[in-house]
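Read left to right, the sequence shown gives residues 31 to 171 (my numbering). Yeah, the Cβ is synthetic: ideal placement off N, Cα and C, and Gly gets one too. Predicted model only: the values in this text are computed from it and were never measured. What follows is a single structure, written as structure tokens, with notes after it.
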Amino acid sequence: MKNSLQNAKRWLKQAEYDFGEAEKLLRGNDFSYACFFAEQAAQKSLKAFLFWRGKRFVAIHSVGALLEEAFLLDPAFGELIGKGKKLDHYYLASRYPDALPEPAIPSESYVKEDAEGAITIAGEILNRSREIIGGGGSRGL
Numbered sequence: 031m032k033n034s035l036q037n038a039k040r041w042l043k044q045a046e047y048d049f050g051e052a053e054k055l056l057r058g059n060d061f062s063y064a065c066f067f068a069e070q071a072a073q074k075s076l077k078a079f080l081f082w083r084g085k086r087f088v089a090i091h092s093v094g095a096l097l098e099e100a101f102l103l104d105p106a107f108g109e110l111i112g113k114g115k116k117l118d119h120y121y122l123a124s125r126y127p128d129a130l131p132e133p134a135i136p137s138e139s140y141v142k143e144d145a146e147g148a149i150t151i152a153g154e155i156l157n158r159s160r161e162i163i164g165g166g167g168s169r170g171l
């Protein structure tokens, strides 16, 4: 069995990388992919928390659903559930033209405010996960 702390830190490190990429994409005015990478940062940071708490496999790709799972283990995630559900809109629609009504395409459908909002929410989720995993949270390290 994998060491849960080691596995969590791997996922958290990738979440931090994805978050940095989202910020770079925002600065480059690539708003659809900034939204996607923000969603990915949130998703991976929540998976890091769940792995840290002993989950061996997490097949969920919804930030909202991951937050609900995390909340069952630590109430500190409760206030983020509503915000996190907003990120679910960026998982597919920010990348695939057929996820949007015709004739829209992702690269022309997202604006700076979308990316800034996604990055803000992802940052809150990432920070919460980092604080709990790094600081011991309710489980202790």
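Where V88 is concerned, there is no enclosing alpha helix (DSSP H), because DSSP gives it neither an H nor an E. Nearest C-alpha to F67 among D128, P127 and H119: H119. Shown here, S139 sits in a helix according to DSSP, grouped into three states. In the DSSP annotation of this structure, the continuous segment of the alpha helix (DSSP H) that includes G114 starts and ends at I111 to L117. For the set I135, G164 and A100, the Cα lying nearest the Cα of F61 is the one of I135.
DSSP places R57 inside the alpha helix (DSSP H), whose first and last residues are S34 to R57.
Nearest C-alpha to E46 among L156, G84 and I163: L156.
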